[in-house]
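Here the structure comes first, spelled out in structure tokens, and everything after it is commentary.
2 protein chains.
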Amino acid sequence: MILTVTLNTALDLTYGVPELVPHASHRVSDMSERPGGKGLNVARVLSALGHETVVTGFAGGSTGTVLRELLADLPPHGTGTDAAAPGTAPAPITDALVTVAGNTRRTIAVVDRATGDTTQLNEPGPLVTAAEWTALLGRYEELLAGADAVALCGSLPPGIHVGAYAELVRSARAAGVPVLLDTSGEPLRRGIAARPDLIKPNADELAQLTGSREPMRAARDARRRGAHGVVASLGPDGMLAVTPDGIWQAAPPAKVLGNPTGAGDSAVAGLLSGLVEGLRWPDRLRRAVALSTATVLSPTAGDFDRAAYEELLPRVGIEEHAPAA
Amino acid sequence: MILTVTLNTALDLTYGVPELVPHASHRVSDMSERPGGKGLNVARVLSALGHETVVTGFAGGSTGTVLRELLADLPPHGTGTDAAAPGTAPAPITDALVTVAGNTRRTIAVVDRATGDTTQLNEPGPLVTAAEWTALLGRYEELLAGADAVALCGSLPPGIHVGAYAELVRSARAAGVPVLLDTSGEPLRRGIAARPDLIKPNADELAQLTGSREPMRAARDARRRGAHGVVASLGPDGMLAVTPDGIWQAAPPAKVLGNPTGAGDSAVAGLLSGLVEGLRWPDRLRRAVALSTATVLSPTAGDFDRAAYEELLPRVGIEEHAPAA
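Note that the protein sequences, when read in sequence, are chains C and L.
Following this note's numbering, the numbering of the first sequence begins with 8 at its first residue and continues without gaps.
Following this note's numbering, the numbering of the second sequence begins with 8 at its first residue and continues without gaps.
Structure below.
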């Protein structure tokens with residue numbers, strides 16, 4: 008089983024409007040809602056890849072109830088063709104979220120249907136109490152006992168101390184469970200010091216952490232700060248992995264246009280599933296790049312196009328770098 | 008008891024953002040949610056004026072549940088000073104909403120805290136079935152039996168035929184209950200033909216109905232189309248009443264700056280309470296203008312400033328017009 012932790016889950020709403028005009032009134036022309044937060048997105052992709060997944064973190068209030076209902080109803084993942092996909096049946100996602108008194112946040116993506124541009128509004132999330140955090144720690148320890156790997160994903164809700172991820176990384180390492188940390192800012196900086204197996208920052212997050220916009224230099228710096236492995240996502244240029252086993256750069260066969268929402272979460276699912284399956288680094292990276300590219304290509308934000316994934320997988324380019332200092 | 012009908016109730020969310028930048032991501036800095044839809048707003052003000060109110064219309068899904076919980080918890084209305092206001096204790100608001108299968112809509116007001124400007128996003132509302140509409144008609148007939156007056160307020164949800172308000176106006180008139188219609192577009196046009204006692208259009212709604220932007224001319228035209236009385240709201244210029252009893256113009260003592268959200272609903276509450284109390288037209292208009300001005304002055308959208316209301320009431324200017332053809 009793979010465990011994902013989403014401390015600040017979200018009910019993700021998408022509103023289509025004919026055109027977004029500031030200070031005007033808009034009638035929403037089309038809308039959708041789905042359970043969100045990075046760790047839940049990762050779990051959807053892991054499920055589609057056939058990996059049993061357990062999600063924990065916090066959910067509460069009326070929005071939390073809706074989120075959990077949608078999570079329970081989650082259809083097989085991947086655009087359209089899942090049922091027909093040979094070999095991989097979706098695996099179950101188990102809800103092990105801890106109930107809190109506060110109301111789970113909503114995020115609203117307002118999509119301008121004229122241009123395709125998205126304006127994002129994110130509620131901050133519920134105020135989590137010390138007792139609720141203690142309950143989460145207990146639940147997490149129990150779940151680690153049965154986990155092959157764990158992903159710690161996304162922002163911290165109000166009330167959670169900035170060293171929370173460092174605490175969760177230490178527990179995972181003490182339990183001998185490989186841990187991937189995907190967050191940003193100070194929680195990332197503190198979390199890295201607890202020596203996670205892997206981090207997956209994008210170029211901005213890496214620059215904020217290290218002060219360098221040169222990916223190789225920044226990734227090496229992040230390793231010195233404590234991360235055993237660093238996979239930097241370079242957007243349309245693919246990914247750079249700087250690991251104890253070597254350094255690789257992976258790139259999609261061509262640049263693609265589309266909606267990058269969720270591409271990073273698909274990459275996390277690719278890396279984590281590859282780790283659990285014992286794949287070599289080049290194959291983990293192929294999977295991560297193909298999945299995130301297929302997510303950009305999907306018409307629905309955060310879903311991946313299964314046919315595109317299968318087609319891209321063998322065509323991802325891998326280049327090994329010399330392990331120079 | 009005064010009855011208000013809100014066919015398209017809403018959970019009104021207000022999101023404060025430091026600055027709204029299209030196509031950027033925003034963290035909501037402050038937020039509030041309240042039960043909304045014009046008829047619910049009218050009921051809040053009627054309650055604050057000491058009038059027992061019953062609200063009907065549709066509510067459903069998880070958003071409907073939240074709306075009804077907030078409605079049940081509704082605090083005394085009016086900014087801050089209610090408890091200290093001499094004479095008028097808030098009267099109860101009774102929930103007689105009809106439950107529907109669809110999800111009640113959300114509306115989102117995104118307030119740019121740098122400029123105070125508001126960008127509005129309105130979900131369309133649930134699809135209401137024929138059986139649900141029939142249930143509403145039955146509930147409405149029962150409630151009319153105990154009503155001193157009724158207000159029909161706001162937009163129609165999907166699935167409701169455009170002549171719905173005309174049907175509700177006819178039932179009220181058959182039951183001998185004075186009926187005020189506050190809507191716009193084709194539902195207003197159809198509703199007027201059923202001869203409501205009063206309509207309260209703003210200048211834009213009146214122009215859309217009659218083709219004239221000259222308020223006196225347009226209000227007279229609206230009366231010829233079937234409305235017994237017309238109170239046109241002229242924004243900061245006050246109100247123009249064209250009625251079987253005479254023609255009056257009412258104006259606040261000075262133009263005020265603030266948020267006009269809910270000012271029209273406060274005016275409806277003023278007119279309806281004045282009618283039920285048997286006030287003369289000039290006194291009804293004084294109350295409507297003072298309430299709507301005190302709503303613009305309130306720091307919270309849709310609430311009114313009780314102290315400002317009391318202070319404005321005797322200072323509203325009334326001018327009687329000759330009933331020329």
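We treat Cβ as the ideally placed atom computed from N, Cα and C, and that holds for glycine.
Counting only C-beta atoms, is residue i closer than 8 Å to chain C at any point?
{"i": "ASP124/L", "result": "yes"}
{"i": "MET223/L", "result": "no"}
{"i": "VAL117/L", "result": "yes"}
{"i": "ASN48/L", "result": "no"}
{"i": "LEU77/L", "result": "no"}
{"i": "SER240/L", "result": "no"}
{"i": "PRO25/L", "result": "no"}
Helix, strand or coil: which one does DSSP assign to residue i?
{"i": "LEU247/L", "result": "strand"}
{"i": "LEU304/L", "result": "helix"}
{"i": "GLU317/C", "result": "helix"}
{"i": "PRO289/L", "result": "helix"}
{"i": "LEU18/C", "result": "strand"}
{"i": "VAL61/L", "result": "strand"}
{"i": "ASP37/L", "result": "strand"}
{"i": "LEU10/C", "result": "strand"}
{"i": "ASP252/C", "result": "coil"}
{"i": "GLY23/L", "result": "strand"}
{"i": "GLY269/L", "result": "coil"}
{"i": "GLY67/C", "result": "strand"}
{"i": "GLY277/C", "result": "helix"}
{"i": "ALA98/L", "result": "coil"}
{"i": "ALA258/C", "result": "strand"}
{"i": "THR86/L", "result": "With a pLDDT of only 43 at THR86/L, under 50, the local geometry of the prediction cannot be trusted, and the value read off the model is given with reservation. In this structure, THR86/L counts as coil in the three-state DSSP scheme."}
{"i": "GLY324/C", "result": "strand"}
{"i": "GLY43/C", "result": "strand"}
Would you mind telling me which residues of chain C sit closer than 8 Å to residue i, beta carbon to beta carbon, in chain order?
{"i": "LEU74/L", "result": "Those within 8 Å of LEU74/L in chain C number zero; the least Cβ separation is about 10 Å."}
{"i": "PRO29/L", "result": "LEU27, PRO29, ASP119, ASP124 and THR126"}
Count the other C-beta atoms from every protein chain shown that fall within 10 angstroms of the C-beta of residue i, then say buried if there are 16 or more, exposed otherwise.
{"i": "THR141/L", "result": "exposed"}
{"i": "VAL323/C", "result": "buried"}
{"i": "GLU327/L", "result": "exposed"}
{"i": "THR122/C", "result": "exposed"}
{"i": "GLU130/C", "result": "buried"}
{"i": "THR114/C", "result": "buried"}
{"i": "GLY153/L", "result": "exposed"}
{"i": "GLU212/L", "result": "buried"}
{"i": "SER39/L", "result": "exposed"}
{"i": "THR106/C", "result": "exposed"}
{"i": "PRO42/L", "result": "buried"}
{"i": "GLY269/L", "result": "buried"}
{"i": "GLY161/C", "result": "buried"}
{"i": "GLU26/C", "result": "exposed"}
{"i": "VAL28/L", "result": "exposed"}
{"i": "HIS30/C", "result": "exposed"}
{"i": "GLU139/L", "result": "buried"}
Is the shortest distance between the beta-carbon of residue i and the beta-carbons of chain L less than 8 Å?
{"i": "PRO131/C", "result": "yes"}
{"i": "TYR172/C", "result": "no"}
{"i": "ARG313/C", "result": "no"}
{"i": "SER299/C", "result": "no"}
{"i": "ILE147/C", "result": "In the sequence under discussion, the amino acid at residue 147/C is Tyr, which differs from the Ile named in the question. Answer no: the Cβ-Cβ gap between TYR147/C and chain L never drops below 8 Å."}
{"i": "TYR22/C", "result": "yes"}
{"i": "GLY38/C", "result": "A small fix is needed here, since residue 38/C is Met in this sequence, not Gly. Yes, MET38/C lies at the interface with chain L (some Cβ there is under 8 Å from its Cβ)."}
What does residue i touch in chain L if you count any residue whose Cβ is under 8 Å from its own?
{"i": "PRO208/C", "result": "Going along chain L, no residue has its Cβ under 8 Å from PRO208/C, so there is no contact; the nearest lies around 17 Å."}
Going along chain C in order, which residues have a C-beta closer than 7 Å to the C-beta of residue i?
{"i": "ARG34/L", "result": "ASN129 and PRO131"}
Which chain L residues sit within Cβ distance under 7 Å of residue i?
{"i": "THR69/C", "result": "A small correction: the amino acid at residue 69/C is Ser; Thr does not occupy that position in the sequence shown. Result: SER69, THR72 and VAL73."}
Just to confirm the assignment: which complete alpha helix (DSSP H) runs, minimum length 4, are found wholly within the stretch 165–238 of chain L?
171–181, 192–200, 210–217 and 222–231
Whole runs of the alpha helix (DSSP H) within the stretch 104–170 of chain L, excluding any shorter than 4 residues
137–151
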